[in-house]
Amino acid sequence: MTDIATPAKHGAMRLWGVAALGIGSMVGAGIFALLGQAALMAGSDVYLSFAIGGIIALLSGYSYARLAARFPSSAGIMDYFDRAYPSRVVAGGLSVLYLVTSIIAIAMIAKTFGAYADRLLLGDTSSPWVKSFFASAIVIALVAANMVGSGAVGRLEELLVIAKLVILAVLMIAGVPAIDPALLIAGPTVGLGTLLASVGLTFFAYAGYGMMTNAAGHVANPEVTIPRAIYLAIGLVIVLYIGLAIVVLGSISPAELARYADTAVAQAARPVLGQAGFVIVAGGALFATASAINACIFSALEVSRGLAAKGQLPAAFGRATWGQGTHGLVWATGAILVLVNLFDLGAIAQVAGATFLISYLAIFRAHWRLHAQVGGRRSLILLGAALMVLTLGAFTVSLLQTQPIVVGLALIAIAGSFGIEWLVQRRRRTSL
453 MTDIATPAKH GAMRLWGVAA LGIGSMVGAG IFALLGQAAL MAGSDVYLSF AIGGIIALLS
513 GYSYARLAAR FPSSAGIMDY FDRAYPSRVV AGGLSVLYLV TSIIAIAMIA KTFGAYADRL
573 LLGDTSSPWV KSFFASAIVI ALVAANMVGS GAVGRLEELL VIAKLVILAV LMIAGVPAID
633 PALLIAGPTV GLGTLLASVG LTFFAYAGYG MMTNAAGHVA NPEVTIPRAI YLAIGLVIVL
693 YIGLAIVVLG SISPAELARY ADTAVAQAAR PVLGQAGFVI VAGGALFATA SAINACIFSA
753 LEVSRGLAAK GQLPAAFGRA TWGQGTHGLV WATGAILVLV NLFDLGAIAQ VAGATFLISY
813 LAIFRAHWRL HAQVGGRRSL ILLGAALMVL TLGAFTVSLL QTQPIVVGLA LIAIAGSFGI
873 EWLVQRRRRT SL
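For the record, in the sequence shown the residue sitting at position 145 is 597 according to the working numbering, with numbers rising by one throughout.
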């Protein structure tokens, strides 16, 4: 099978540029918006939740790296589905589900950007429409940047990642000496079931590493660069997340954490660095969420273009508009803006977490089915898949007990993705 949807390499991306795409998509809403929510769920064990999520991400990243090294393509995840699953409905449905999940994730991250921009620039008194304005503006600006080309994306991502990593590193370095050991154990501890359920949220904070495989068509030596970039990005983010979780838990009380769960990282900067620290970290949140949106848009562009080329979405999705943009990107942007301006994405973020787990479980299965061509240790595939199944099961049980509507929405997203693909394939068969 030949690789498709691989545009010409002008402005080829380097190791750090590819790793920056992964770091940028991971260190965004994941840490700035979800750390507080995960802490409410896992209590003082939240750093263990991030550690477990990181281990699962590394095992999943191993399968991604093996697949990307053997099949370098800008199509990324959808190329692996297409190779591993003989049914076009199954392969295409999984790819459409991944695309839908990415669109929901972009909208959720944009809402986080809007909330931080609003609080930083205008305080807490402005209307929700102002937050939506900021969220819409960053989406439009970064869509335009992605239309310029992959070289511009890589350079922009490097700048954004460097800025936010410096800010978070300063918070960690300054925060460690100020940690109150009593606060670290002040929150509740949880059982294994609840801890695993919380990994459904913390894994979502890592989920962006898969987007690095979409850059395989834009690097000179993908067999070496992509695996190194995946391990580099996930390793750095594990250290960052665990360190920040400890600093946050050791800096603010459980009551304060519950009150400021959505901005927990910035709130933790107040006792450590004062109001100036809050402003700096909140500004870092803007860099982080912007770079996450940038990386996710890049991935959605490649996936939609590839699906159209493979006949798993209508051909119109792959038609060029301006620069490297496509009609699919324009329509996806419209969907993102609708979500940003009309919907509360709190529960939708949990839907995205569940569908990310399902998509990444399918990657373990793809690696297993393609093992003869891809290689790798089967024991690592089984271990990663088993941990992810346990996480998804615990997450689902928790949602059924607390927010059953989220499970229903996730099922609708899954059924809708496969239903759309079934209709596309039926229309193709009819036209032949």
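A virtual CB, placed ideally from N, CA and C, is assigned to each residue, including glycine.
Model, not experiment: these values are computed from the prediction.
Buried or exposed (CB count within 10 angstroms, at least 16 for buried), residue i
i	result
ASN598	buried
VAL733	buried
THR773	exposed
LYS860	Inspection of the sequence shows that residue 860 is occupied by Gly rather than by Lys. Flag for GLY860 reads exposed.
GLN719	buried
LEU794	exposed
GLY726	exposed
ILE864	exposed
VAL552	buried
VAL689	buried
GLY827	exposed
VAL671	buried
ALA768	exposed
THR741	buried
VAL700	buried
ALA838	exposed
SER650	buried
LEU875	exposed
Residues near residue i in its chain [Cβ-Cβ closer than 6 Å; skip 5 each side]
i	result
THR654	ALA490, SER501, PHE502, GLY505
GLY545	SER869, PHE870, GLU873
TYR499	ILE694, ALA697, ILE698
PRO640	GLY495
ALA543	PHE533, ASP534, TYR537
SER850	ALA649
PRO459	At PRO459 the pLDDT is 43, less than 50, meaning the model places this residue with poor confidence; the figure from the coordinates comes in the next sentence. Around PRO459: no qualifying Cβ.
Contact check, residue i vs residue j, beta carbons under 7 Å
i	j	result
LEU467	THR677	yes
ALA752	ILE556	no
PRO706	ALA638	yes
PRO524	PRO674	yes
ALA559	VAL858	no
THR785	VAL548	no
ALA536	LEU822	yes
GLY758	MET530	yes
ALA685	ILE475	yes
ALA721	PHE730	yes
MET478	TYR658	yes
GLY645	THR843	no
ASP497	VAL642	yes
ALA562	VAL600	no
LEU420	TYR514	Past the edges of the chain, shown from 453 to 884, lies residue 420, and the structure says nothing about it.
SER811	TYR550	yes
GLY469	ALA713	no
ALA846	LEU635	no
GLN855	VAL541	no
LYS616	GLY735	no
TYR568	LEU738	yes
GLY528	ASP632	no
SER539	CYS748	no
Neighbourhood of residue i by C-beta distance below 7 Å, restricted to the same chain and skipping five residues each side
i	result
GLY566	LYS583, SER584, PHE586, ALA587
ALA862	VAL803, ALA806, THR807
PHE656	GLY482, LEU486, ALA804, GLY805, PHE808
ARG880	GLY763
LEU852	VAL859
HIS779	ALA768, PHE769, ARG771, THR773
ILE682	GLY474, GLY513, TYR516, ALA517, TYR661, MET664
LEU835	LEU511
LEU620	LEU692, LEU696, GLY736
Sequence-distant residues of the same chain with beta carbon closer than 8 Å to residue i, five excluded per side
i	result
PRO679	ALA517, ARG518, ALA520, ALA521
LEU574	VAL582
GLY687	LEU510
Closer than 6 Å: residue i CB and nearest the ligand COA heavy atom
i	result
THR843	Ligands in the displayed structure: none, and consequently the ligand COA is not present.
If we require 3 or more residues per run, which beta strand (DSSP E) segments fall completely within the stretch 705 to 763?
Those beta strand (DSSP E) runs which fall completely within the stretch 705 to 763 and span 3+ residues do not exist here.
Which whole runs of the alpha helix (DSSP H) in the stretch 607 to 691 are 4 residues long or more, in chain order?
Counting only runs of at least 4 residues, the stretch 607 to 691 fully encloses the following alpha helix (DSSP H) elements, listed from N- to C-terminal order: 633 to 636, 644 to 658.
Evaluate contact between the stretch 804 to 821 and the stretch 614 to 632, counting only Cβ atoms and requiring at least three cross-stretch pairs below 8 Å.
Touching, no, given that fewer than three Cβ pairs across the two stretches are closer than 8 Å.
Please give me, in chain order, every unbroken run of the beta strand (DSSP E) with length at least 3 that falls completely inside the stretch 781 to 865.
Unbroken beta strand (DSSP E) stretches of 3 residues or longer found wholly inside the stretch 781 to 865: none.
Alpha helix (DSSP H) segments (min. 4 residues) lying fully within the stretch 474 to 519:
Runs found: 481 to 484, 486 to 494.
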